[in-house]
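Throughout, my numbering is defined as the position within the sequence shown, counted from one, plus 54.
Cβ atoms here follow ideal geometry from the backbone N, Cα and C, with glycine treated the same way.
One structure is given below, encoded as structure tokens.
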Amino acid sequence: MLIVSCSHGKHLGKMIAKKAKASHTDLVVDKFPDDELRVQFKANLKGKNVVLVQSFYSNVSDCIIECILAAETAAELGAKKIILAAPYFPYLRQDKRFRSGEAVSQEIIAELFDLYFDSIYIIDPHLHRKHSLKDIFHSKTVKLTANLLTSEYIKKHIKNPIIMGPDEESFNWAKSVADSIGAESRILKKIRYSSYHVEVKLNKYIELKDRNVVIVDDIISTGHTIVETAKLLRKMGAGKIYCACVHGIFAGGGLKKLKAAKVEVISANTVPNEKAKIDVSGLIAKSLR
Ligand code: R5P
Numbered sequence: 055m056l057i058v059s060c061s062h063g064k065h066l067g068k069m070i071a072k073k074a075k076a077s078h079t080d081l082v083v084d085k086f087p088d089d090e091l092r093v094q095f096k097a098n099l100k101g102k103n104v105v106l107v108q109s110f111y112s113n114v115s116d117c118i119i120e121c122i123l124a125a126e127t128a129a130e131l132g133a134k135k136i137i138l139a140a141p142y143f144p145y146l147r148q149d150k151r152f153r154s155g156e157a158v159s160q161e162i163i164a165e166l167f168d169l170y171f172d173s174i175y176i177i178d179p180h181l182h183r184k185h186s187l188k189d190i191f192h193s194k195t196v197k198l199t200a201n202l203l204t205s206e207y208i209k210k211h212i213k214n215p216i217i218m219g220p221d222e223e224s225f226n227w228a229k230s231v232a233d234s235i236g237a238e239s240r241i242l243k244k245i246r247y248s249s250y251h252v253e254v255k256l257n258k259y260i261e262l263k264d265r266n267v268v269i270v271d272d273i274i275s276t277g278h279t280i281v282e283t284a285k286l287l288r289k290m291g292a293g294k295i296y297c298a299c300v301h302g303i304f305a306g307g308g309l310k311k312l313k314a315a316k317v318e319v320i321s322a323n324t325v326p327n328e329k330a331k332i333d334v335s336g337l338i339a340k341s342l343r
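What follows is the structure in structure tokens.
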């Protein structure tokens, strides 16, 4: 097996290779003067199971094109199997036509990857209306979760926490994390008006006075969901407010907003960021072995 770090997989590729006892190479990626991508393998791929490690954050479109160019090139150079290890896979939230005339991007992007990959490993895919990766992709898929790692982190560092899921979509994460540490949990109600405007409401009163509250969610994008949740929890008397996420994207200064809202953020390292304290390299390596 050969692990290949793509441009947005470098923070994990080498660690995955070491833990999977596999060889490793970096994909050479640069740009032509007109902004087109150039990718190049510097290793021999013939007869090998080639694992492309790519996380799809920032310049997402370039990340996708890079992966497609690399996968097809790997096939042409004689790779036996072409595997994608995606710590963060994009476009999964766009799982229906929310507004008329809008693309259902989840399906279209999945179809594209199906064409080039034998199997696709994704950490904590955002599954909402479609409950399984098998309902989205035709290629073999493996769904991994950082829930246990997140639970272990919370257990070790936060005393007597109560777990909050900011919306029904966070149920898979918040409930599972709460159950594995034996903590109380509650799922809140979120109304999304736009990408930058959400409202978070309480379903039923819960006593939070001076409690350590951990908001658990899969993705933090702009940070608005967490900021609004923290405001609500603070009104209810919560003590220290933490937020544990898998994919810390922090688009458009999201982390700054969370700092201003006095939320202590803990993130997995599917996307590299300054709050990435939970390492998923072992999770991926184990599943590839
Ligand atoms: C959606 O349901 C996800 O689980 C997250 O809650 C959402 O992506 C967070 O987005 P933002 O940080 O922009 O509020």
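- Rounded to the nearest whole angstrom, the C-alpha separation of S224 and N98 is 42 Å.
- With contact defined as three or more Cβ pairs closer than 8 Å, the stretch 196-207 and the stretch 295-308 are in contact.
- Linking V267 to G219 through their CA atoms gives a straight-line distance of about 10 Å.
- By the criterion of a C-beta distance shorter than 6 Å, A330 is surrounded in its chain by S321, N323, once the five residues flanking it on both sides are discounted.
- Relative to the ligand R5P, even the nearest heavy atom lies 6 Å or more away from the CB of T204.
- Counting the other CB atoms within 10 Å of its CB gives Y250 a total below 16, which places it among the exposed residues.
- K184 and E238 have their C-alpha atoms some 27 Å from each other.
- A distance below 8 Å between beta-carbons, with the five flanking residues on each side excluded, links G236 to no residue of its chain.
- Residues of the same chain with a CB within less than 8 Å of the CB of D333, apart from the 5 flanking positions on each side, are M69, L203, A322, N323 in chain order.
- Only residues of its own chain outside the window of five on either side were considered, and among them G291 have a CB closer than 6 Å to the CB of K263, listed in chain order.
- In the three-state reduction of the DSSP assignment, I269 falls in the strand class.
- Assignment of beta-bridge partners to K313 by DSSP yields no partner.
- Two segments are said to touch when three or more pairs of C-beta atoms, one from each, lie closer than 8 Å; by this definition the stretch 65-84 does not touch the stretch 143-150.
- Going by C-alpha positions, L242 is about 7 Å away from V254.
- Closest by C-alpha distance to I163, out of I174, S154, A129, G155, is I174.
- K85 has L91 as its beta-bridge partners, per DSSP.
- Y207: not part of any beta strand (DSSP E); member of the alpha helix (DSSP H) spanning 201-211, first to last residue.
- No heavy atom of the ligand R5P is found nearer than 6 Å to the CB of T199.
- Within the DSSP bridge table, the entry for S321 names C299, A330 as partners.
- Going by beta carbons, A284 and I295 fall inside the 7 Å limit.
- Every unbroken stretch of the beta strand (DSSP E) spanning 3 or more residues and falling wholly within the stretch 113-173 is given here in chain order: 135-140.
- For I217, there is no enclosing alpha helix (DSSP H); the enclosing beta strand (DSSP E) has its first and last residue at 215-219.
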